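Here is the structure we will look at.
Protein chains in written order, with UniProt numbering: chain V, 1 to 722; chain Z, 1 to 266.
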């Protein structure tokens, strides 16, 4: 669409210094009437500025490569966009903007001869040194791209069924959307202004850094060259800065001699660690057959160890990526999510270790007591309670008249197994303090380790309940299926397997008689089996819920978005969740132009504020909601209830499906050893800060302080930025 | 009384920018503002009373115990606690007036807040509240008061906006349900807008017309004014205005393009 609507759009940073002096507006021109203002340079001539921009004088002494600016901002050069506070004597271009700014008013008064209406979009510049930025889409806190693939490989039939259902729904929705698309009558082709939005967002992100650079270089095109220092001034300067020079010299020596050795040793250490991790990971991921579960799918501890190892493998890569960020402009925002992810996982591990040390020292100090409590709990709940409940069921529980012979038989069977199991536990009991001591010791690797170990211990020590549940469920299920088929016989029908339906069938008299007798028998025996089944199913459910609590704890320790939450509280602009616009009332002086003598100034103007939206809390905990809904779908579905009622085995939810949450911070494929080696070696060598000159210490103090305030101080690596 | 039927307000400082506001709050005259402020004030007081009741339920012995002067804020607070636990039937003769106690306590401390709460509880209304709180079992009281607090924090009236900016896109926004919930906004760039149209759907036993924005590459459509769902006449006005503002004059030619589509439900 051509620009026939003559709409002038000006993006104006609201926080640039305002002055009464005549100045030149410099910025990006995205199309002839669509501009983004970067800076207002005071006391210079527009022609000089234009020439300087063409020659690149204004971008001199840039700390990083200049072409990168143009590449990311999507324009080949900056332009003079107009003038401020100047008389209307020069008129080189009709699309130039005239602005009237003064320190007292926030909104500039803007006119443009070629435009028929004006949109002033005011924005507050994000400060790249504080890692603030704006974006159209919410920042992604997790590496979300691999989720879909990992889920489709779930071997469970139930998983596959749910997946199928979901996919079918998606297909349906896609069809609907396509149908809707065919309803659109006219496709409006987006204009240049519409398409510029992405670029403009980038330009806004760059505005702060570019403005600083431009203002720094303004004296180069001005008329006042800087006076050099006199001899006496230089002497004073030398004297005051002697200490700094000495410090610098020591620093230089350290960088030159000590640092390479330390660095080399550290890299070798990392590499050795990586090799060990690789070996362990291979063991953890080994499967006998492609379909059989690996060790990490079975045990919580193995999974925990695997997650930690994967994190250790990923950190060097992340760190290298973040280090390379420093060799680039601060306005490049692509690595900010990585930064948050990296420090979030570091912080979580540190937290984990701190809590673990507290927990571990407690457990080690009280190993005897803890072991006693555990064995007491085990004895009283998994053995004695079970025993009493079975003997209760063997009598007439709650006045229910069961078949006492069958109840006696089943009860004796289970009691005998329990006796055997309790003797096993008895032999294991002297070992328990050692085990507890070991668990306590393991918690120095993080509080998640003892939790995972306890979870595994729970499943090992209650294996008898699991087997009781399996056995009773199987008996109950057999009985139920026999009853159902005998019921069909009772009705004179028969289930046809081939057709998957119930057919009429002529039975002989003896068949009918025996079938009916059997049906009656089994029917009267059913309540006895049911109560035993219910008893063990209940016990199993209790254990599953305990494990669920442990797993929730684990996922909180491993995945909680702590760093993101802290950032959200401290500086919400570092977690952009999109942008919004706010229409402001047009100031009185802009709507009626009593002061301006020129006729074309009667341009209707709208003042709009562009504001960033901080990331919503629901988006931060999105993964948890997803996990919750997955668990709900799996366990609270009618299918599970049906399985429970008919005594069929309730398949536990696949670990991989449940804990995709924990893996969402890790890449799908870990980097190999050689890759890591190359990445570590590709790190640029530590340089002495280049542009340190004595004045920089004092003048950049406030700036540095601010920079350290915004989270870089908490990273534990005291490497200087520039 | 404080709210009206949804009505439309249009702000249009320039032909390329328009904001359509559907609101149930009447135009803000001075009496209306005063009434609204008074209602919120009453609600705030009620909420504070409910909070005080919860506090009283949490510490049933505070109301029965005489106030003690505090020597050191930290140690003395513990001491009063211990004292309160040991003997709830202490004599009130020797106790100084609560105001004196308050004057001796440092302002920025937990003890000061506790003293103020105690004074509030010992007043007539406070004692009534604490009596009420102690007569209701906590498992009834706490959910009830949380629900009450939620209802007290509900916003009076609703306001939903559609901001149309030529060259940028459209933005829907609607005020949150409670006073604390933030403004919900959704910005859709022009590139992503596939269509803006009026749809109709059954809702209960009525047919509602509503404005939707079809976003490219998304499975869900965006409903404009989702809570208020204004009358068709208003919706039509907004639809025309939005198209004209977004696409200029050529948006007018297909005036009836958007009307005759009748698929989908809410």
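Don't be surprised by glycine CBs; every beta carbon is placed ideally from N, CA and C.
Since the structure is predicted, the reported quantities are computational estimates derived from the model, not experimental observations.
Between the stretch 2-34 of chain Z and chain V, which residues of the former have a C-beta closer than 7 Å to a C-beta of the latter?
Those would be 11, 13, 14, 15, 16, 17, 19, in chain order.
Listing by chain order, which chain B residues have their CB less than 7 Å from the CB of residue 9(V)?
Absent from the structure is chain B; the protein chains it does hold are V and Z.
Length of the line joining the Cα atoms of residue 31(Z) and residue 37(Z):
Spanning the two alpha carbons is a distance of roughly 10 Å.
I'd like to know if residue 6(V) contacts chain Z, where contact means its C-beta is closer than 7 Å to some C-beta of that chain.
When Cβ-Cβ separations below 7 Å define contact, residue 6(V) makes no contact with chain Z.
If residue 223(Z) sits next to residue 193(Z), beta carbons under 8 Å apart, how far is it from one beta carbon to the other, in whole angstroms?
Wrong, their Cβ atoms sit about 14 Å apart, outside the cutoff.
Which one of 345(V), 190(V), 43(V) has the shortest CA to CA distance from residue 219(V)?
Residue 219(V) has its Cα closest to that of 43(V), out of 345(V), 190(V), 43(V).
Thinking just about the alpha-carbon of each residue, which of 428(V), 533(V), 254(V), 618(V) is nearest to the one in residue 478(V)?
Measuring C-alpha to C-alpha distances from residue 478(V) to each of 428(V), 533(V), 254(V), 618(V) identifies 533(V) as the nearest.
Near-chain V residues of the stretch 214-247 of chain Z (beta-carbon distance less than 7 Å), N- to C-terminal order:
Result list: 214, 219, 247.
What does DSSP give as the partner residue(s) for residue 29(V) in the beta ladder?
Answer is 35(V).
Step through the CB atoms of chain V and report whether any lies within less than 7 Å of the CB of residue 194(Z).
For residue 194(Z), the answer is yes, since a Cβ of chain V falls inside 7 Å of its Cβ.
Once you ignore the five residues that flank residue 364(V) on each side, which residues in its own chain have a CB closer than 8 Å to its CB?
Within the same chain, residue 364(V) has close Cβ partners 437, 440, 441.
Three-state secondary structure (DSSP) at residue 23(Z)?
When secondary structure is reduced to three states using DSSP, residue 23(Z) falls in the strand class.
According to DSSP, what are the bridge partners of residue 8(V)?
Looking at the DSSP output, residue 8(V) shares a beta bridge with 118(V).
Partners in chain Z for residue 173(V), counting only beta-carbon separations shorter than 8 Å:
Chain-order list of chain Z residues neighbouring residue 173(V): 219, by C-beta distance under 8 Å.
Whole-Å CB distance - residue 207(V) paired with residue 38(V), under 8 Å assumed:
For residue 207(V) against residue 38(V), the beta-carbon gap comes to about 5 Å, under 8 Å, which counts as contact.
Give, in chain order, every residue of the stretch 61-93 of chain V whose Cβ lies closer than 9 Å to some Cβ of chain Z.
The residues in question: there are none.
How about residue 41(V) and residue 24(V): do their beta carbons lie closer than 7 Å?
Yes, they are a contact pair.
Selection of the stretch 177-196 of chain V by Cβ proximity to chain Z, strictly under 7 Å
The residues in question are 177, 180, 181, 183, 184, 185, 186, 188, 190, 191, 193, 194, 195.
Just to make sure I have the definition right: I need the residues of chain Z whose C-beta is within less than 9 Å of the C-beta of residue 581(V). Which are they?
Neighbours of residue 581(V) on chain Z, chain order: 163, 165, 168, 169, 171, 185, 187.
Contact check, residue 561(V) vs residue 620(V) under 8 Å by CB: the rounded distance?
Beta-carbon to beta-carbon, residue 561(V) and residue 620(V) are separated by about 5 Å, close enough to satisfy the 8 Å threshold.
beta-carbon residue 664(V) near the ligand SAM non-hydrogen atom, thresh 6 Å:
With respect to small molecules bound, the structure shown includes none, and the ligand SAM cannot be examined in it.
Rounded to the nearest angstrom, how far is the Cβ of residue 664(V) from that of residue 550(V), given a contact under 8 Å?
In fact, because the Cβ distance is near 20 Å, the residues do not count as touching under 8 Å.
Mind listing the chain V neighbours of residue 190(Z)? Cutoff is C-beta to C-beta under 7 Å, in chain order.
Those are 190, 194, listed as they occur along chain V.
Contact between the stretch 115-124 of chain V and the stretch 602-615 of chain V: three or more CB pairs below 8 Å?
Yes: the two stretches touch, three or more of their Cβ pairs being nearer than 8 Å.
Does the distance from the C-beta atom of residue 117(Z) to that of residue 210(Z) stay below 7 Å?
Taking 7 Å as the Cβ cut-off, residue 117(Z) and residue 210(Z) do not qualify as a contacting pair.
Mark residue 758(V) as exposed unless 16 or more other C-beta atoms lie within 10 angstroms of its C-beta, in which case mark it buried.
Chain V is shown only over 1 to 722; residue 758(V) falls outside these bounds and no answer can be derived.
For the pair the stretch 418-430 of chain V and the stretch 259-275 of chain V, tell me if three or more CB-CB distances fall below 8 Å.
The stretch 418-430 of chain V, when compared against the stretch 259-275 of chain V, does not touch it at the 8 Å Cβ threshold.
Could you check if residue 511(V) is buried or exposed, using at least 16 other CB atoms within 10 Å of its CB as the buried criterion?
Around the beta carbon of residue 511(V), fewer than 16 other beta carbons lie within 10 angstroms, which makes this residue exposed.
Inter-residue Cα distance where the pair is residue 19(Z) and residue 28(Z):
Computed Cα separation, rounded: 18 Å.
Scan the stretch 559-584 of chain V for residues whose Cβ lies nearer than 7 Å to a Cβ of chain Z and list them as they occur along the chain.
Residues 578, 579, 580, 581, 583.
Apart from the five residues just before and just after residue 700(V), which ones in its own chain have a Cβ nearer than 7 Å to its Cβ?
Caution is warranted here: a pLDDT of 38 is assigned to residue 700(V), below 50, making its placement in the model unreliable, and no coordinate value can be reported.
Looking at the structure shown, is residue 196(V) part of a helix, part of a strand, or coil, going by DSSP?
When secondary structure is reduced to three states using DSSP, residue 196(V) falls in the coil class, being assigned neither helix nor strand.
List the whole-angstrom C-beta distance separating residue 341(V) from residue 141(V), where the pair is believed to meet the contact cut-off of C-beta under 8 Å.
The Cβ separation is near 7 Å, so the contact holds.
Proximity winner among 45(V), 408(V), 77(V), relative to residue 54(V) (alpha-carbon distances):
Taking only the C-alpha atoms, the option nearest residue 54(V) is 77(V).
Between which two residues does the beta strand (DSSP E) containing residue 195(Z) stretch?
If you look at residue 195(Z), you'll find it in the beta strand (DSSP E) that goes 193-203.
Looking only at DSSP bridge pairs, what is residue 7(Z) linked to?
Beta-bridge pairing by DSSP links residue 7(Z) to 23(Z).
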